[in-house]
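Structure first, then comments.
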Amino acid sequence: MTVATSAASPVSTPQASVPPDGLPAYRLLTGPDDASFCRRVSDALALGYRLYGSPAATFNGQTVIVAQAIVWPGRVA
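Residue numbers (the working numbering): 820 to 896.
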């Protein structure tokens with residue numbers, strides 16, 4: 820038996836209660852405001868992390884440095 824899904828109603832998989840690969844439940848990603856930082860945030864979201872709060876940005880005199888907190892949505896014991 821096959822089940823049809825559409826883009827409007829994706830099939831969700833159960834969320835693990837702990838982050839994968841021994842990663843912490845809370846992470847603060849920081850770095851220069853570039854494609855690499857955006858990729859790191861996107862990769863974490865693809866793993867199942869959720870954004871926590873607003874991003875932050877500062878200027879160190881040469882580069883814009885950004886930060887984004889992420890949390891694992893599962894229950895961590």
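Ideal Cβ placement from N, Cα and C applies to all residues, glycine included.
Rank Arg858, Gly880, Thr882, Tyr871 by C-alpha distance to the C-alpha of Trp891 and give the top, closest one.
Tyr871
Own chain partners of Leu866 with C-beta closer than 7 Å, once the 5 adjacent residues on each side are dropped:
Pro839
Start-end ranges of the beta strand (DSSP E) lying completely within the stretch 861-891, minimum 3 residues:
Counting whole runs of 3 or more residues, the stretch 861-891 contains the beta strand (DSSP E) stretches 869-878, 883-890.
Is the Cβ-Cβ distance between Asp852 and Val883 less than 7 Å?
yes
So the candidates are Val837, Phe878, Phe856, Asn879; which of them puts its Cα closest to the Cα of Gln887?
Among Val837, Phe878, Phe856, Asn879, the Cα nearest to that of Gln887 is on Phe856.
Is Pro839 helix, strand or coil by DSSP?
helix
Can you tell me the Cβ-Cβ gap for Val860 and Leu847, rounded? I've got them flagged as a contact below 8 Å.
Not a contact, Cβ separation roughly 11 Å.
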